[in-house]
């Protein structure tokens, strides 16, 4: 399971809450059990603007302590000042594009880094997951053609046009390995995901 998160104190607090609660269920592979278990949880982060697009000392310390942080070679988007951690609301276009890129990069990395993983999951840093139940559900699923999660419809305005877009709702969804591989091998999406955000691209 990859959990996109950000290098700030509010999100660090949420990561630590997960580490001290749901990631203590049996079956979670952590540093404390020498990474043995059915499910490995990794936090996926980019370089945050509040640290000059570098990794903070606090994040480096966190990564050394827990060994569950993946630092991606990308810059985070700036979050709208009105958005509060853990509260529903719009993060802004720059942060939304950054989260989408980070999620895509997670699936791209995970399918290569874990060649025997049957499923790859994306979660949120503010969920509580009953891991034994989640793993039991995965064991009942077919191994191919699986998307386990919700999706939603959103309307975007681009150059005075409305575009309806379906997207995967992110608090927790799982792709079977073949679906993850199909997602990351789709060339038009891959090109966009690895293209850094710039205001000019909105034009």
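Residue numbers (my numbering): 1097 to 1299. Even for Gly, the Cβ is constructed at its ideal location relative to N, Cα and C.
- Unbroken beta strand (DSSP E) runs of no fewer than 3 residues, entirely contained in the stretch 1242-1267, are found at 1247-1254 and 1257-1264, following chain order.
- For secondary structure counted as the alpha helix (DSSP H) over 4 or more consecutive residues, the stretch 1147-1226 holds these complete runs in sequence order: 1153-1162 and 1189-1209.
- Between the alpha carbons of residue 1282 and residue 1165 lies a gap of roughly 27 Å.
- Here DSSP, grouped into helix, strand and coil, assigns residue 1270 to strand.
- Annotation for residue 1170: 1142, 1143, 1194, 1197, 1198, 1201 and 1292 place their beta carbon closer than 8 Å to its own, counting only its chain and skipping 5 residues before and after.
- For residue 1100, the enclosing beta strand (DSSP E) stretches over residues 1098-1100.
- Contact between residue 1223 and residue 1276 does not hold, since their C-beta atoms are separated by about 20 Å, which reaches or exceeds 8 Å.
- Here DSSP, grouped into helix, strand and coil, assigns residue 1140 to strand.
- Its chain contains 1101, 1139 and 1221 as the residues whose beta carbon lies nearer than 7 Å to that of residue 1111, once the 5 sequence neighbours on both sides are disregarded; these appear in chain order.
- Here residue 1125 carries a strand assignment [DSSP, helix/strand/coil].
- Cβ atoms of residue 1125 and residue 1132 come within 8 Å of each other, at about 6 Å.
- Cβ contact annotation for residue 1149 (same chain, cutoff 6 Å, sequence separation greater than five): 1143 and 1171, in chain order.
- Counting every other CB atom within 10 Å of its CB across the protein chains shown gives residue 1219 a total of 16 or more, marking it as buried.
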